[in-house]
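Report on the structure given below.
Residue numbers (the numbering used here): 7 to 137.
Encoded structure:
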């Protein structure tokens, strides 16, 4: 009886987690469409999928006992994942820059945000090209 209850709780928890994830994605999608950040989120999704693919290739190499290619694939996957996180950070910076009025912040601070945004984009591209 306890095992049936544990299985039911585990199944219920999985359904609740999926529903929470779907709700979160719905809210985020609505917000992304409202702020017109579609390109940043698309770049994040593509880089994240490529990172996952590279990680699976690394796992395949490990299963085949080819450790040198596995370590290269794992390194590439890690760099691609960092690049995907930088895409999200860039989207956050873009939203911050667009939501701040020029009267409420000093022009030098606004320039620093632009420089930080360009730096994040540059590093994202470099990490993507290296991987």
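Virtual Cβ for every residue (Gly too), placed ideally from N, Cα, C.
Within 9 Å, strictly: CB atoms of residue i and residue j
i	j	result
residue 89	residue 53	yes
residue 97	residue 46	yes
residue 103	residue 120	yes
residue 136	residue 93	no
residue 95	residue 126	yes
residue 116	residue 106	yes
Bounding residues of the alpha helix (DSSP H) (the contiguous stretch that carries residue i)
i	result
residue 90	73 to 105
residue 58	44 to 69
residue 115	113 to 136
Alpha-carbon spacing of residue i relative to residue j, whole angstroms
i	j	result
residue 84	residue 24	26 Å
residue 63	residue 17	30 Å
residue 78	residue 122	30 Å
residue 61	residue 129	21 Å
residue 76	residue 91	22 Å
Cβ neighbour criterion (16 or more within 10 Å) applied to residue i
i	result
residue 69	exposed
residue 133	buried
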